[in-house]
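K.L.:
Below you will find the structure I want to go over with you.
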Amino acid sequence: MKNMDAEIGVIGGSGFYSMIKKPVIMHDSNAYGEPSDSIAIGSLENRKVAFLARHSKNHTIPPHKVNYRANIEALSNLGAKRIIATNAVGSLREDYMPGDILFFDQFVNMTHGRNDTFFDEDYVVHVSSADPYCEQMRKTASSVAKSMKIRYHDSGTVVVVNGPRFSTRAESKYYGAQGFDVINMTQYPEVMLAREKQICYLGIGIVTDYDAGIEGRKDIGKVNSKDVEATFANSMATVKALVAGTIRELPQKRACSCGSALENAALTKK
Ligand SMILES: [Zn+2]
Numbered sequence: 095m096k097n098m099d100a101e102i103g104v105i106g107g108s109g110f111y112s113m114i115k116k117p118v119i120m121h122d123s124n125a126y127g128e129p130s131d132s133i134a135i136g137s138l139e140n141r142k143v144a145f146l147a148r149h150s151k152n153h154t155i156p157p158h159k160v161n162y163r164a165n166i167e168a169l170s171n172l173g174a175k176r177i178i179a180t181n182a183v184g185s186l187r188e189d190y191m192p193g194d195i196l197f198f199d200q201f202v203n204m205t206h207g208r209n210d211t212f213f214d215e216d217y218v219v220h221v222s223s224a225d226p227y228c229e230q231m232r233k234t235a236s237s238v239a240k241s242m243k244i245r246y247h248d249s250g251t252v253v254v255v256n257g258p259r260f261s262t263r264a265e266s267k268y269y270g271a272q273g274f275d276v277i278n279m280t281q282y283p284e285v286m287l288a289r290e291k292q293i294c295y296l297g298i299g300i301v302t303d304y305d306a307g308i309e310g311r312k313d314i315g316k317v318n319s320k321d322v323e324a325t326f327a328n329s330m331a332t333v334k335a336l337v338a339g340t341i342r343e344l345p346q347k348r349a350c351s352c353g354s355a356l357e358n359a360a361l362t363k364k
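Numbering (my numbering), first residue to last: 95 to 364.
Written out as structure tokens, the structure is:
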């Protein structure tokens, strides 16, 4: 394997860069522009891994300005067949508590104006998004979380909003009433762009807050950025161990349908 290859991509906060010793640093633009930051490539749990900070290392890129296509293209170009993505999420239900971990199995997209496909010219491709998250990776991560004896949920629907503002009380109540479990600003289009590249994608949510609060609970207040940051920082050691454990336990061979997502998807003959 070459220095600039990676089997697994990790997208998350800048804290992950320190997980690999002596990384090779790559900073290249691609056909879709500049990724959020340089990519650190190295070995973790004897697997070749590439790390990318979604909002840049200094957290300067807001969710609606992230170049999701450049990020996924960069990891795809490195040869990544799997992506593990970590995300801060707000809870829309009382039993998904701050500090809890969940593995998304569905999303609802409420964002707008984002470049959300690699197939926007010359030919028509309709990729299925019925099951957007990799089942094999979700099962592996859930079993790792179970063995770590941490509070986790093995599924969850994330509603993705454009941001950068947080929800109104009415929006938060509405999303909760729809049966959505958590809210976030970055899962879309990241997960679908990975699917278009036939890359397996695991979305890990770290519950940091209760969005606009919980109706009738004066003790559960509305979210603010400082609290999100503090809860996320407290969870960082757990999340790092979870990511490392998942990388260790992932079978080499993919046993899912992510790798054949483009079969029967194209309407234009090439
Ligand atoms: Zn998969």
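For each residue, glycine too, the CB sits at the ideal point set by N, CA and C.
From S261 to S130, what distance separates their C-alpha atoms?
P.N.:
Between S261 and S130, the C-alpha separation is close to 25 Å.
K.L.:
For ligand 1, I want to know if R348 counts as a neighbour, meaning its beta carbon is within less than 7 Å of at least one of the ligand's heavy atoms.
P.N.:
Under cutoff, so the answer is yes.
K.L.:
Quick one: is the Cβ of M286 within less than 7 Å of any heavy atom of ligand 1?
P.N.:
Incorrect: M286 has no Cβ contact closer than 7 Å to ligand 1.
K.L.:
With a 10 Å radius around its C-beta and 16 neighbouring C-beta atoms as the bar for buried, classify H206 as buried or exposed.
P.N.:
Exposed, by the Cβ-count rule.
K.L.:
From which residue to which residue does the beta strand (DSSP E) around V252 run?
P.N.:
Element bounds for V252: 251-255.
K.L.:
Tell me A179's beta-bridge partners as DSSP assigns them.
P.N.:
I105, G297.
K.L.:
Can you tell me whether DSSP reads Q365 as helix, strand or coil?
P.N.:
Any answer about residue 365 is impossible in this case: the structure gives the chain only from 95 up to 364.
K.L.:
Pick out whichever of F198, P226, E323, P258 has its Cα sitting closest to the Cα of K155.
P.N.:
Note on residue identity: the sequence assigns Ile, not Lys, to residue 155. Of the candidates F198, P226, E323, P258, the one whose C-alpha sits nearest the C-alpha of I155 is P258.
K.L.:
What does the alpha-carbon distance come out to for the pair E357 and R187?
P.N.:
Spanning the two alpha carbons is a distance of roughly 37 Å.
K.L.:
Take the Cβ of H247 as the centre, count every other Cβ of all protein chains shown within 10 Å, and call the residue buried at 16 or more, exposed below.
P.N.:
That one is buried.
K.L.:
As a quick exercise: from G127, A349, A338, pick the residue whose alpha carbon is nearest that of V238.
P.N.:
Among G127, A349, A338, the Cα nearest to that of V238 is on A338.
K.L.:
Regarding Q200 and ligand 1, is the C-beta to nearest heavy atom distance less than 7 Å?
P.N.:
Not under cutoff, so the answer is no.
K.L.:
What I want to know is whether the C-beta of Q230 ends up closer than 7 Å to one or more non-hydrogen atoms of ligand 1.
P.N.:
Q230 Cβ: within cutoff of ligand 1.
K.L.:
Can L344 and I195 be called in contact, C-beta distance under 8 Å?
P.N.:
Against a cut-off of 8 Å, the Cβ pair of I195 and L344 comes out as no contact.
K.L.:
If contacts are defined as beta-carbon pairs under 8 Å, then D81 and K142 qualify, I think. What distance do you get, rounded to the angstrom?
P.N.:
Nothing can be reported for residue 81, as the shown portion of the chain is limited to 95 through 364.
K.L.:
Taking its Cβ as the centre, do 16 or more other Cβ atoms sit within 10 Å of R232, making it buried, or is it exposed?
P.N.:
With 16 or more Cβ atoms within 10 Å of its Cβ, R232 is classed as buried.
K.L.:
Just the C-alpha distance for F201 and S222, rounded to the nearest angstrom, thanks.
P.N.:
Straight-line Cα distance between these residues: approximately 13 Å.
K.L.:
By DSSP, does M330 sit in helix, in strand, or in coil?
P.N.:
Three-state result, M330: helix.
K.L.:
Beta-carbon within less than 6 Å of G307's beta-carbon, same chain only, minus the 5 sequence neighbours each way: which residues are those?
P.N.:
Excluding positions up to five away in sequence, the list reads I314, G315, K316.
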